[in-house]
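Here's the structure we're looking at; comments come further down.
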Amino acid sequence: MRFESYAQFLEDVVLYCALKDVDKGFYIDVGANDPTDLSVTKFFYDRGWHGINIEPLPEKCALLSEMRP
2 MRFESYAQFL EDVVLYCALK DVDKGFYIDV GANDPTDLSV TKFFYDRGWH GINIEPLPEK
62 CALLSEMRP
């Protein structure tokens with residue numbers, strides 16, 4: 002499987018190594034910011050995971066709601 006990291010410091014890679022046997026999981030992303038840029042959860046969302054994105058900035062929150070319902 003090809004792995005494209007979206008996170009700033011490869012946090013999604015580290016999490017994947019620990020959670021690779023979990024088919025469908027649930028995440029809580031506090032300070033989610035952008036749906037793709039520097040996202041720790043985008044890789045998992047693309048693979049069927051779902052979760053809660055918490056973001057205080059209204060423009061980023063709207064973008065998250067649109068792109069990651």
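With positions in the sequence shown counted from 1, the corresponding number in the numbering used here is that position plus 1. Backbone N, C-alpha and C fix where the C-beta goes; we use that ideal spot for every residue, glycine too. Predicted model only: the values in this text are computed from it and were never measured.
Helix, strand or coil for F45, going by three-state DSSP, please let me know.
helix
Host alpha helix (DSSP H) of V31 (start-end)
Counting along the chain, V31 falls outside any alpha helix (DSSP H), though it belongs to the beta strand (DSSP E) covering 27 to 31.
Beta-carbon spacing of F10, G26 below 8 Å:
no
Are L58 and P36 closer than 8 Å when you measure CB to CB?
no
Are D30 and T42 touching if we call contact CB-CB under 8 Å?
Closer than 8 Å, so yes.
Considering Cα atoms alone, identify which of S40, D22, N34, G49 is closest to S6.
S40
Look at the alpha carbon of A19 and the alpha carbon of A33, and state the distance between them as a whole number of angstroms.
21 Å
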